[in-house]
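For the sequence shown, this note's numbering assigns the number 275 to the initial residue and increments by one for each residue that follows. All residues carry an ideal CB built from backbone N, CA and C; glycine is no exception.
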Amino acid sequence: MKVMEWFQTFLVLSVAGSLLAGLLLALKKWTGKQFSPTWQYVLWVGVLLVMVVPISVKVPAFVQPLQEKQVVQTVPLPAEQILPFTEETALPPIPWWDVLAVLWVLGALGSLGYRLTGYFRFSRHIRRTGEPMELDGVPKRLRVCETSAAVSPMVMGILRPTLILPETALTESRLPYVLRHELVHYRRGDIFWRWLAVLATSIHWFNPVVYVAAAQMQEACEISCDWCVVRSMEQAKRDDYMRVILELLAEAMAKKQILTTQMASEKKQLQRRFTMIRNQKPVGMKKLLLSVCVGTALLGAAWLTGCTLRETYVVCRRRRRRQSRYHFHL
């Protein structure tokens, strides 16, 4: 596929994802009451998937452009009135589409390269300064590294996942809560979705909605992780868990590392996280079924919208090519 076609494809996906993100933001208060934190997380992951995965299918005939269904009736003319025509080569693509496509590629590569450079520098620094350690209850595949370079406990790496523990997290009162939080991230594969968020913001760097969707996804990730951690905790332990988060946040000074999971999130997220921790309740079967049905319908509608827009664009482009190929001359 040509660069311009990729650009126009992701432009269509950007529109479809933006519509879904806007709808979820409009329904956020309602979904916050009806949906579990995990399902809210799944929905925002679905938004980014809609914007990144260029899957398209041929939509049914009833959603095809109406102009394609119209039957052109022709009236036979006398031989002397038939206009001669000549077949010419297709016109070159519109110049500004090529310019926009080049700018999009440069912006996407620059955005992704900037993030990857920062990530690999941090990863290299961790390998140089970190000391391997062993902890009970940690899966064998997950390496554990103690370092003074990290500002907060975090998991990084997909192929070689590593649990990074700063020295401040190794106290007897903090370590059990830190391990429970980060192991939930590890078992759910949250680091993979962090990479998805970076990829989406790099591809759609021109769309401000994608940054909002990525921020909402990361916030929902932390809230759903807290929801899993405190599910079986007593209120006293929940209070201790919130105290650990506050202490880690104060020591980290809200410094954030991309492409990692961090237990100490930004201050503006703490109110929502602590509200959920205090008021955490089990989700009933009715709410679970409702969230599954509504979430599936929203994601399916966004995906079909993207397919429809993509199919409409392809049909219109083919029509323009056919029209530009034949020129009638008097």
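The DSSP assignment places no complete beta strand (DSSP E) segment of no fewer than 3 residues inside the stretch 445–491. In the DSSP assignment, Glu-279 falls within the alpha helix (DSSP H) that extends over 277–300.
In the three-state scheme derived from DSSP, where H, G and I count as helix and E and B as strand, Arg-512 is classed as helix. Per the coordinates, the alpha-carbon of Leu-383 lies some 44 Å from the alpha-carbon of Asp-514. Of the residues Ser-426, Arg-434, Ser-397, the one whose Cα lies closest to the Cα of Lys-414 is Arg-434. For Thr-391, DSSP assigns no beta-bridge partner whatsoever. Burial is judged here by how many other beta carbons sit within 10 angstroms of a residue's own beta carbon; Tyr-388 has fewer than 16 and is exposed.
The beta-carbon separation of Trp-280 and Met-491, rounded to 24 Å, does not stay under the 8 Å limit for a contact.
Residue nearest to Ser-506 within the set Leu-523, Arg-552, Leu-473, Ile-519 is Arg-552 (criterion: CA-CA distance). Judged by DSSP in its simplified three-state form, Ile-438 adopts strand. For Pro-406, the enclosing beta strand (DSSP E) covers residues 405–407.
In the DSSP secondary-structure assignment, Thr-421 is bridged to Pro-440.
In the structure shown, Phe-309 falls within a coil segment according to DSSP collapsed to helix, strand and coil. With a cut-off of 8 Å on Cβ pairs, the stretch 481–488 is not in contact with the stretch 432–446, counting fewer than three such pairs. Here Ser-292 has Val-483 as same chain residues with Cβ atoms under 6 Å from its own Cβ, once five neighbours each way along the sequence are excluded. In the three-state reduction of the DSSP assignment, Met-325 falls in the helix class. Pairing Glu-405 with Gly-320, the inter-Cα distance amounts to about 37 Å. With fewer than 16 other Cβ atoms from the protein chains shown falling within 10 Å of its own Cβ, Ile-432 counts as exposed. Looking only at Val-458, Arg-546, Tyr-451, the smallest Cα-Cα distance to Ala-510 is reached by Tyr-451.
One thing to note: Val-458 has its Cβ within 8 Å of the Cβ of Val-503. If the five residues before and after Cys-495 are omitted, its C-beta is found closer than 6 Å to the C-beta atoms of Tyr-315, Asp-464, all from its own chain and listed in chain order.
At the C-beta level, Met-430 and Asp-372 stay beyond 8 Å of one another. Assigned with DSSP and collapsed to three states, Leu-416 falls in coil, not helix or strand. Approximately 7 Å separates the beta-carbon atoms of Leu-287 and Val-324; this is inside 8 Å, confirming the contact. The residue from Trp-469, Arg-546, Arg-462 with its alpha-carbon nearest to that of Ile-497 is Arg-546. Annotated three-state conformation of Asp-500 is helix, per DSSP. Residue burial annotation: Leu-520 is exposed, with fewer than 16 other C-beta atoms found within 10 angstroms of its C-beta. Inclusion of Thr-312 and Trp-501 in the CB contact set at 8 Å is warranted, their separation being smaller than that value.
Within the same chain, and ignoring the five residues on either side of Val-289 in sequence, no residue has its Cβ closer than 6 Å to its Cβ. In this structure, DSSP gives Met-550 a helical state, which the three-state scheme calls helix. Leu-377 sits exposed, since fewer than 16 C-beta atoms from the chains shown fall within 10 Å of its C-beta. Distance from the CA atom of Lys-276 to the CA atom of Ala-474, rounded to whole angstroms, is 20 Å. Counting every other CB atom within 10 Å of its CB across the protein chains shown gives Val-327 a total below 16, marking it as exposed. Judged by DSSP in its simplified three-state form, Gly-411 adopts coil rather than helix or strand. Counting of Cβ neighbours within 10 angstroms places Ser-476 among the buried residues, the total reaching 16 or more.
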